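Visitor: Note that my numbering gives residue 107 to position 107 of the sequence shown, counting from 1, and the numbers run on in steps of one. Just so you know, even glycine gets a beta-carbon here, dropped at the ideal spot from N, CA and C. From a predicted model like this one, the values you see are computed outputs, not experimental measurements. My questions will all concern the structure given below.
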Amino acid sequence: MKCSLSRTKYSRGSRRACGFTFAEVLAAMVFMAILLPVVMQGLVLANRASVVAERKRTAVHLGNSLLTELTATDQWSSAGNRGNFSPDFEQYEWELVQAGWNLDDMEQLTLIVSYPVQGQLHYINLTTLVQEDSQ
Numbered sequence: 001m002k003c004s005l006s007r008t009k010y011s012r013g014s015r016r017a018c019g020f021t022f023a024e025v026l027a028a029m030v031f032m033a034i035l036l037p038v039v040m041q042g043l044v045l046a047n048r049a050s051v052v053a054e055r056k057r058t059a060v061h062l063g064n065s066l067l068t069e070l071t072a073t074d075q076w077s078s079a080g081n082r083g084n085f086s087p088d089f090e091q092y093e094w095e096l097v098q099a100g101w102n103l104d105d106m107e108q109l110t111l112i113v114s115y116p117v118q119g120q121l122h123y124i125n126l127t128t129l130v131q132e133d134s135q
């Protein structure tokens, strides 16, 4: 599209008007109709990834705090093996799994923290070793 605003007179046979042609407008609309859904899908995917990352960071923090507390106070053997975190984080649930360690007199503790993201459950595992005779 080329248009000179200083030209007010058009020569006969070569009439050029200022503005977009119907084909140019149609091409732009088709381009946007193809591009817009792809961009929106990318934004939705990026948003979901950020929510998963934030919830995972919170789950690791909560699980690490609980596992540290249980091992530091030797309550891991007497504590219940499942539960959820404080009322602020009710959607985060935990389960403590104990397993024998084949070397030395150690016990392997695995804390599994589950958390929902958009209707799907995600899990993280935190594992440590404790002395078996500290019970």
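With a threshold of 6 Å on Cβ separation, who are the neighbours of N125 within its own chain once the five nearest residues in sequence on each side are excluded?
Guide: Numbered from 1 along the sequence shown, position 125 holds the residue referred to as residue 125. Hits under 6 Å: T110 and I112.
Visitor: Roughly how many angstroms lie between the CA atoms of G63 and W94, to the nearest whole one?
Guide: Translated into positions along the sequence shown, residue 63 becomes position 63. Translated into positions along the sequence shown, residue 94 becomes position 94. C-alpha separation (whole angstroms): 8 Å.
Visitor: Three or more beta-carbon pairs under 8 Å between the region 58–76 and the region 23–43, yes or no?
Guide: Cβ pair count under 8 Å is below three, so no.
Visitor: Assuming T127 and T71 form a contact by the criterion Cβ under 8 Å, report the distance between their Cβ atoms to the nearest whole angstrom.
Guide: Counted from its first residue, the sequence shown places residue 127 at position 127. Counted from its first residue, the sequence shown places residue 71 at position 71. Going by Cβ atoms, the distance from T127 to T71 rounds to 11 Å, so no, they are not a contact pair.
Visitor: So what's L103 in DSSP terms, helix, strand or just coil?
Guide: As a first step, residue 103 is located in the sequence shown; it is residue number 103 there, counting from the start. Three-state result, L103: coil.
Visitor: Where do the N-terminal and C-terminal ends of the beta strand (DSSP E) with Q120 fall, by residue?
Guide: Residue numbering aside, residue 120 sits at position 120 when the sequence shown is read from its first letter. Where Q120 is concerned, the enclosing beta strand (DSSP E) stretches over Q120 to Q131.
Visitor: Could you have a look at V41 and say whether DSSP puts it in helix, strand or coil?
Guide: Against the sequence shown, residue 41 aligns to sequence position 41. First, the amino acid is wrong: residue 41 is Gln here, not Val. Three-state DSSP puts Q41 in a helix.
Visitor: Let me know if F85 comes out buried or exposed under the rule of 16 or more other beta-carbons within 10 Å of its beta-carbon.
Guide: Here residue 85 is taken as the residue at index 85 of the sequence shown, counted from 1. Buried: at least 16 other Cβ atoms inside 10 Å.
Visitor: Closest to V117 by C-alpha separation, out of F22, I34, T58 and F20, would be which residue?
Guide: Within the sequence shown, the letter at position 117 stands for residue 117. Closest in alpha carbon position to V117, among F22, I34, T58 and F20, is T58.
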